[in-house]
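Read the structure below first, then the notes.
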Ligand SMILES: *[C@@H]1O[C@H](CO)[C@@H](O)[C@H](O)[C@H]1NC(C)=O
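Numbering (my numbering), first residue to last: 945 to 1210.
This is the structure in structure tokens:
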């Protein structure tokens, strides 16, 4: 009897010991996976409430991807509040003089933030580097844009034809467009040269007349669109032609991060 009980106690002890070791192992593994940022989730936690993020491939010709909920609502509002007091009429590059001039082609207003301007911007720029795999140092300062009813940017390329602009950083490689507000109607980002059936997008029926002239993305607060101005072979991609459709109802706030092929010194 006594022998049986002590054997039973031994088994119980061994059981607890094993359970403890097992828990210890799970705990250690848990800690390891928490500190590991190579699992595809963004490294930076960011400011504000994070909601589910996913990536959508919109097109391979040109290469266009949507990062849903890339920014939190709080981040969007923060960027708008930084920019609002400094908005000025947008310009385009004059092909003769290389200087910025006002134009009917681009009727928004805008301003530039400094790279790493504050902790929230630094964190966002870190996240952009994580998602695009282009180093922070290759990025220009964020541009913030505001489009009111009727304002637009006609289809254009982000790469430069003027060597004046490629001295620092080289050619523009890719662009991340971030929507800082919802737009009730219009204001789509349109890719008129995309090699794809434009009407295959699920939001086709909600697009404006302008939006239906290409492969279009409807602006949604927090979403970001990444597109590449250069192909993997290093050539400029003429299919990357894109524009901002006129806003029909509401207004549109967006922010642009241009990324160069080399370090962009600020
Ligand atoms: C384009 O896509 C739409 C919606 O999926 C489809 O109805 C239409 O037939 C397609 N057009 C062509 C030319 O493939």
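All C-beta atoms, glycine included, are put in the ideal place defined by N, C-alpha and C.
If you count every other CB in all the chains shown that lies within 10 Å of the CB of residue 1181, and 16 or more means buried, which is it? Around the beta-carbon of residue 1181, 16 or more other beta-carbon atoms lie within 10 Å, marking it buried.
Buried/exposed call for residue 1152, threshold 16 Cβ in 10 Å: A buried status is given to residue 1152, since no fewer than 16 other beta-carbon atoms sit within 10 Å of its beta-carbon.
At a cut-off of 8 Å, is residue 1177 close to ligand 1 when judged by its beta-carbon and the heavy atoms of the ligand? In terms of side-chain proximity, the C-beta atom of residue 1177 is found no nearer than 8 Å to any non-hydrogen atom of ligand 1.
Does residue 979 pass the burial test, meaning 16 or more other C-beta atoms within 10 Å, or should it be called exposed? Any reading at residue 979 needs caution, since the residue's pLDDT is 42, under 50, leaving its predicted position unreliable; the model's value is listed next. By the C-beta density criterion, residue 979 is exposed, having fewer than 16 other C-beta atoms within 10 angstroms.
Considering only the alpha carbon of each residue, which of 1111, 1099, 1118 and 1058 lies closest to residue 1077? Nearest option by C-alpha distance: 1118.
Any heavy atom of ligand 1 within a distance shorter than 8 Å of the CB on residue 1147? Distances between the C-beta of residue 1147 and the heavy atoms of ligand 1 are all 8 Å or more.
Residue 966, buried or exposed, once every other Cβ within 10 Å from all chains shown has been counted against 16: By the 10 Å Cβ count, residue 966 comes out exposed.
On the three-state DSSP scale, how would you describe residue 1199? In the three-state reduction of the DSSP assignment, residue 1199 falls in the strand class, which pools E and B.
Spatial neighbours of residue 1035 within its chain, please: CB distance less than 6 Å, with the 5 preceding and 5 following residues excluded, ordered by chain position. The beta carbon of residue 1035 sits closer than 6 Å to those of 1044, 1045 and 1046, all from its chain and outside the five residues before and after it, given in chain order.
C-alpha distance - residue 1006 paired with residue 1021, whole-angstrom precision: Going from the Cα of residue 1006 to the Cα of residue 1021 covers about 30 Å.
Could you tell me whether the segment 1103-1122 touches the segment 1160-1172, where touching means 3 or more Cβ pairs closer than 8 Å? Short answer: they touch.
Taking residue 1183 and residue 1137 to be in contact with their CB atoms under 8 Å, please state how far apart those CB atoms are, rounded to whole angstroms. So it is a contact: roughly 5 Å between Cβ atoms.
Is there a Cβ of chain D sitting closer than 9 Å to that of residue 1082, yes or no? Protein chain content of the structure displayed is limited to a single chain, and chain D is not contained in it.
In angstroms, rounded to a whole number, what distance separates the CA positions of residue 955 and residue 964? Note on geometry: alpha-carbon atoms of residue 955 and residue 964 lie some 14 Å from one another.
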